Amino acid sequence: MDVATVAAGVTTALVPALPFLVKAGEQSMETLGEKIGEGMAETAKALWRKLWPAVKANPTATAVVEDVAAAPEDEDARAALRRQIKKLLEADSSLLAGLAQVLEAANPQHYQAANFGDGSIAQGSRTVAAGKGGLAIGRDLHGGVNIGRKE
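Following this line, the structure appears as structure tokens:
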């Protein structure tokens, strides 16, 4: 995996978990699984164990992590975290390889969905788009489509 892909994947997996990971208490770790799901929690913990030493050694990265932990919904903070992770990965190829390995092992557990327009959704790398009328398109679509409905 390339640096940008790993940085994006790590950011996506860590952001919901950071408030709990930064606290780092045993009770906080137990709560993590309840809040974001066991599969995601285990992935986040594995990523954090690999990433934390590099973050701790970099004051800017540490500050960004604290910002995201305080406001995980803040898009600007998330973007700053992704950028700091990219910088750390560009400087350390073994960290890149280690985080990529964790992401690849966890891949079946991570799905992203994007809602477009009125009830349609696209999900995953092999996207299937399902429109408002229930028409699902699993591959490329060329030409006109008549589904026999008039609205």
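Taken in order, the sequence shown gives residues 191 to 341; the numbers are from this note's numbering.
For glycine and all other residues, C-beta sits at the position ideal for the given N, C-alpha and C.
As the structure is a computational prediction, the values presented were derived from the model and not from experiment.
Closest by C-alpha distance to residue i, when choosing among the options
i: Gly199; options: Ser284, Arg273, Asp257; result: Arg273
i: Pro262; options: Ala295, Pro206, Lys246, Lys213; result: Pro206
Residue i and residue j closer than 8 angstroms at C-beta
i: Ala236; j: Val292; result: yes
i: Asp282; j: Ala267; result: no
i: Ala244; j: Leu285; result: yes
i: Val196; j: Leu289; result: yes
Nonlocal neighbours in the same chain, by C-beta distance under 7 angstroms from residue i, ignoring five residues either side
i: Glu280; result: Val193
Straight-line Cα distance separating residue j from residue i
i: Ala253; j: Ala270; result: 10 angstroms
i: Pro209; j: Ala259; result: 4 angstroms
i: Pro249; j: Lys240; result: 17 angstroms
i: Ala231; j: Ala296; result: 11 angstroms
i: Glu265; j: Ile275; result: 15 angstroms
i: Lys277; j: Trp242; result: 14 angstroms
Cβ neighbour criterion (16 or more within 10 Å) applied to residue i
i: Thr201; result: buried
i: Glu216; result: Reliability of the predicted coordinates at Glu216 is poor, the pLDDT of 46 falling under 50, and the value obtained from them is presented with this limitation in mind. With fewer than 16 Cβ atoms within 10 Å of its Cβ, Glu216 is classed as exposed.
Residues near residue i by beta carbon distance below 6 angstroms, same chain, minus five either side
i: Ala234; result: Ala203, Leu204, Ala207
i: Val255; result: Val245
i: Trp238; result: Leu211
Close beta carbons around residue i, own chain, < 8 angstroms, minus the five adjacent residues each side
i: Glu294; result: Met191
i: Lys246; result: Thr252
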